[in-house]
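For the sequence shown, my numbering assigns the number -11 to the initial residue and increments by one for each residue that follows.
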Amino acid sequence: MKPEQLKGKLQRDNRSAVKGLLEEIKKKKAEVFEAAKEVGETSFHKGMIQGLLTAEEIIKKWFPDVFKERDEDVQD
């Protein structure tokens, strides 16, 4: 495999992994929101949501190219 092909494959793999992580975070947030609705919002729920939002921010900070490409796709 040529270096350019390998680089492209690694970028696609990273993009896929990042999107998968963010999808898992989105699902977990939905679960926490649903649990909070059922029993009433507690500081535990608030802490869980804040932790998930922080994880999301960190992922977006470390993989900005994934979001740049997504934004470019939306604008096209």
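Ideal placement from N, C-alpha and C gives every residue a C-beta, glycine not left out.
Bear in mind the structure is a predicted one, so any value in this text is a computation, not a measurement.
Residue i and residue j look like a contact to me (Cβ under 8 angstroms); what is the Cβ gap, rounded to whole Å?
i	j	result
K17	L(-2)	In fact, because the Cβ distance is near 29 angstroms, the residues do not count as touching under 8 angstroms.
L10	I47	6 angstroms
R3	V54	5 angstroms
Buried or exposed for residue i, going by 16 or more other Cβ atoms inside 10 Å?
i	result
V20	buried
V27	exposed
D64	Model confidence at D64 stands at a pLDDT of 49, short of 50, so the residue's coordinates are unreliable; what they give is reported in the following sentence. Exposed.
Find out if the Cβ-Cβ distance for the pair residue i, residue j is shorter than 8 angstroms.
i	j	result
A43	H33	no
Consider the C-beta atom of residue i and the heavy atoms of the ligand ATP; say whether any pair is separated by less than 7 angstroms.
i	result
F51	As far as ligands go, the structure on display features none, and thus does not contain the ligand ATP.
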